[in-house]
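Residue numbers (the numbering used here): 243 to 395. Don't be surprised by glycine CBs; every beta carbon is placed ideally from N, CA and C.
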């Protein structure tokens, strides 16, 4: 039994971008692109950005033989502005950047607003909480998180 031509055309058009209909990841990619397109159109209609807020501070987490090294960009903040708490499996950074202007000055442009932040990072393995070291230099927080003795190679 043959299908009506209109239905055959719809199926061909709907799945024409999927090269392998049995590859679920390819179908998800197509779905994501179509959803992105819908949200871009929504931005045009509503006039607001639907993008998530930027995660701050930005961090890198490196793995060495004996420790994890976390680096976070914290320009304008010092050790006294950061609250660092660690458990055997995670690290949490909290802090606040306050608005500042020199005494007696008026602000004509403010592109670095005050902000409060809290960022939790799950660690790939347990750490020795008692051996954690942290330092701030040139706007970069570096935290050395020694691995738990049982988790070292």
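Please report how far the alpha carbon of residue i lies from the alpha carbon of residue j, in whole angstroms.
i           : j           : result
residue 392 : residue 330 : 12 Å
residue 284 : residue 275 : 14 Å
residue 361 : residue 350 : 31 Å
residue 320 : residue 314 : 12 Å
residue 370 : residue 390 : 5 Å
residue 298 : residue 308 : 27 Å
residue 271 : residue 300 : 27 Å
residue 335 : residue 323 : 10 Å
residue 340 : residue 304 : 30 Å
residue 318 : residue 332 : 25 Å
residue 302 : residue 312 : 6 Å
residue 348 : residue 395 : 57 Å
residue 367 : residue 345 : 47 Å
Exposed or buried, what is residue i when buried is set at 16 or more other beta-carbons lying within 10 Å of its beta-carbon?
i           : result
residue 337 : buried
residue 387 : buried
residue 293 : Because residue 293 sits at a pLDDT of 47, beneath the cut-off of 50, its placement in the model cannot be relied upon, and the following sentence gives the value as read from the coordinates. Under this definition residue 293 is an exposed residue.
residue 328 : buried
residue 310 : buried
residue 316 : buried
residue 280 : exposed
The beta strand (DSSP E) with residue i in it runs from where to where?
i           : result
residue 337 : 332-339
residue 383 : 382-388
residue 328 : 324-328
residue 360 : 357-364
Can you tell me whether DSSP reads residue i as helix, strand or coil?
i           : result
residue 316 : coil
residue 305 : strand
residue 376 : strand
residue 269 : helix
residue 370 : coil
I want to see whether chain D comes within less than 8 Å of residue i, judged by CB atoms only; does it?
i           : result
residue 311 : Chain labels in this structure do not include chain D; a single protein chain is all it has.
Task: Any 3 or more C-beta pairs closer than 8 Å across the stretch 346-358 and the stretch 371-386 - done: no
Open item on the list: With three or more C-beta pairs closer than 8 Å as the rule, is the stretch 365-380 touching the stretch 346-354?
Closed with: no
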